[in-house]
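What the sequence shown shows, in this note's numbering, is residues 88 to 218, in sequence order.
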Amino acid sequence: MKLSTYAQQIGVTYKTAYRWWKAGKLDAYQMDTGTVIVRDPLKVSATNVALYVRVSSLDQKNDLERQLERLKDYAAAHGYQVTRTVSEIGSGLNDRRPKFLKILTDPTIGVIVVEYRDRGTRFGFTYIEQL
């Protein structure tokens with residue numbers, strides 16, 4: 088995919104993605120036309136995928152199922168092999184959510200799919216993304 092598309096998908100600016108490419112941090116190559124093409128990292132390691140859904144309060148519990156269904160559809164459309172689904176109720180500001188911490192530290196999980204960044208965490212998402 089084009090570098091600009093890649094940057095948009097992962098939520099960084101084009102300039103940041105370009106710097107990563109120049110630093111050799113991306114699996115990418117440049118075409119004769121100058122276009123930088125990034126090989127899709129999720130398609131390479133799309134096995135052992137965990138789907139993580141979260142809501143902030145018990146009042147929103149019905150939203151968990153809807154989130155999970157959307158993520159299942161997304162995973163199926165991209166050919167991901169889902170091995171675990173995790174649902175949790177808790178604030179995104181709370182960094183002590185046991186189920187989320189468990190899948191973060193599970194070495195068998197290759198990819199964690201969340202609907203929006205804030206479902207995982209409100210702050211520090213870039214650190215998790217880099218890991």
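Beta carbons are placed, not taken as given, at the ideal position from N, Cα and C, and that holds for glycine.
Under the three-state reduction of DSSP, T170 is assigned to strand. Within the region 150-200, the complete alpha helix (DSSP H) segments at least 4 residues long are 185-192, listed from N- to C-terminus. For the options K109, Y93, R206 and W108, the alpha carbon positioned closest to that of L158 is the one of R206. Pairwise C-beta distances place the region 144-159 in contact with the region 174-194, as three or more of them are shorter than 8 Å.
Judged by DSSP in its simplified three-state form, A115 adopts strand. Under DSSP, the beta-bridge partners assigned to I124 are K89 and Y116. Going by C-alpha positions, G166 is about 30 Å away from K109. Counting only the Cα atoms, Q168 lies some 11 Å from I196.
Take the alpha-carbon of R184 and the one of P194: they are about 18 Å apart. Selection M118, I124, M88 and A137 evaluated against A162 yields A137 as nearest (Cα-Cα).
DSSP places Y105 in the helix class (H, G or I) of the three-state scheme. Residue range V136 to V142 is occupied by the beta strand (DSSP E) that includes A137.
Linking T122 to D146 through their CA atoms gives a straight-line distance of about 48 Å.
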